[in-house]
Amino acid sequence: MKISLTSLAALASCLLLGATLTSCSSAGDTASAPPESSAAGSELPELSGTLTVFAAASLKSTFTELATAFEAAHPQAHVSLNFDGSSTLVTQITQGAPADVFASADTATMTKLSDAKLAAGTPVDFASNVLTLVVPPSNPANIASFADASKAGTKLVICAPKVPCGAAAQSDATAAGLSLKPVSEELSVTSVLGKVTSGEADAGLVYVTDARAAKDKVKTIPLGLASPTVNEYPIAAVSTSPHPDLANAFIALVTAPEGQKVLQDAGFGTP
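Here the sequence shown stands for residues 177 to 447, where the numbers follow the numbering used here.
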C-alpha cells in the first residue's frame with residue numbers, strides 16, 4: 177500500500193517541528209501543538225521560498241511524489257525539480273547552476289560535488305538500484321538473455337560510461353563475460369527507456385525501477401547475474417544553497433521511514 181500524501185505531509189511537518197513539539201506521532205496522526213512560549217514571536221517560523229532539487233532521472237516519479245508532500249506540509253514553500261543524468265547535473269552545479277539539494281544515482285558522482293567543496297556536510301545514502309534488460313512488448317529481436325542483447329546486429333541501447341547507469345552496464349557486462357555493442361549511448365536512463373518504448377531499439381539496460389514504472393510498455397528480462405552491480409544513491413545539501421533549512425527538511429523527508437517507503441514501493445532497494 178502506498179503512503180498517502182497526507183501522511184507524508186504530516187511527516188514532513190513533524191521533521192521540521194520535532195525539536196519544539198512535546199510529542200510527534202507517526203505520519204497520518206495529529207501532532208501535539210508546540211508549547212507556548214513566554215516570549216512573543218519566538219515560535220519557529222514556517223519554511224518558505226523555492227527549493228531547487230537536482231536529482232537523477234531515475235528518481236523522477238518518487239521525488240515528484242515527495243515534493244508534493246513537502247509542499248503540502250509547508251504551504252509557503254515550493255519545490256522546483258530538475259531531473260537528468262547525474263553526471264550532467266553535477267557538472268551544472270559545479271559550473272554555477274543554482275541548486276539546493278543534489279541526489280545522485282551513484283557515489284562516484286556525488287564525490288565530484290564533495291571534491292568541489294559544494295556538498296554541505298557528509299552525503300547520506302538513501303536508496304540503491306540495479307539494472308535489468310528491457311525489450312519492446314513484441315520483442316522483435318527474440319531476446320531471451322543478457323547474452324542475446326550483446327550479439328552483433330542487435331540494436332542495444334545503454335547509458336554512456338560517464339553516467340552511473342552506464343558505468344553499471346559495463347560492470348555487469350564484465351561480470352557476465354560479455355562485450356556490449358550498443359548502437360547508442362545515452363546521457364540518462366530515461367533516454368534509454370524512451371528508445372525501447374518507441375521501438376527504436378531492440379533492447380536497453382535500465383534500472384529495475386524504470387522498468388517497473390514503464391509497466392506494459394516493455395518486457396523485462398533479468399540479467400541473471402549472481403552479483404549484479406548495485407548503485408548506491410546519496411543525497412546532500414549544496415553548500416551554496418540560500419535555503420539550507422528547506423534543503424535539510426527535504427533531505428530529512430527522503431531519509432525518514434515514510435520517505436523510504438515511497439522509494440521501496442517504486443522498487444528501490446535500501447541503502
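Cβ coordinates follow ideal geometry from the N, Cα and C atoms, glycine included. Bear in mind that the values here come from a model prediction, so they are computed numbers and not experimental data.
Inter-residue spacing [alpha-carbon to alpha-carbon] between residue i and residue j
| i | j | result |
| --- | --- | --- |
| Leu181 | Ala243 | Confidence is the limiting factor: at Leu181 the pLDDT is only 48, short of 50, which leaves the residue's position unreliable, though a coordinate-based value still follows. Distance between the alpha carbons of Leu181 and Ala243 is about 10 Å. |
| Thr308 | Leu399 | 6 Å |
| Thr396 | Leu422 | 38 Å |
| Ala328 | Val372 | 18 Å |
| Ala344 | Glu362 | 13 Å |
| Ser377 | Val368 | Position check: residue 377 holds Ala in this sequence, whereas Ser was assumed. Straight-line Cα distance between these residues: approximately 9 Å. |
| Val438 | Ser417 | 26 Å |
| Glu247 | Thr264 | 26 Å |
| Thr283 | Gln440 | 19 Å |
| Thr431 | Pro251 | 21 Å |
| Ser326 | Leu356 | 5 Å |
Which residues DSSP lists as bridging residue i, in chain order
| i | result |
| --- | --- |
| Asp386 | Answer is none; Asp386 lacks a bridge partner. |
| Ser360 | Val333 |
| Ile397 | Leu309 |
| Phe259 | Ala231 |
| Ala279 | Ala231, Ile411 |
| Leu381 | Leu309 |
| Ala295 | Val414 |
| Ala253 | Gly225 |
| Ser304 | Glu408, Gly445 |
Burial state of residue i (16 or more Cβ within 10 Å)
| i | result |
| --- | --- |
| Thr152 | Any question about residue 152 goes unanswered here, given that the chain covers just 177 to 447. |
| Ser374 | exposed |
| Asn407 | buried |
| Lys120 | The structure shown does not extend to residue 120, since the chain spans only 177 to 447, so no value can be given for it. |
| Thr446 | exposed |
| Glu434 | buried |
| Asp291 | exposed |
| Gly272 | exposed |
Pair within 8 Å by beta-carbon distance, residue i and residue j
| i | j | result |
| --- | --- | --- |
| Ala281 | Leu289 | no |
| Asp276 | Val229 | yes |
| Val266 | Thr285 | yes |
| Ala303 | Tyr409 | yes |
Close-in-space but distant-in-sequence residues of the same chain around residue i (CB under 7 Å, 5 per side omitted)
| i | result |
| --- | --- |
| Asn424 | Ala413 |
| Thr385 | Ser234, Asn305, Ala442, Gly443, Phe444 |
| Gly225 | Ala253, His419, Leu422 |
Spatial neighbours of residue i in its chain, beta-carbon cut-off 6 Å, leaving aside the 5 residues before and after
| i | result |
| --- | --- |
| Ser403 | none |
| Lys331 | Val359, Ala377, Asp378 |
| Pro299 | Met286, Pro410, Ala412 |
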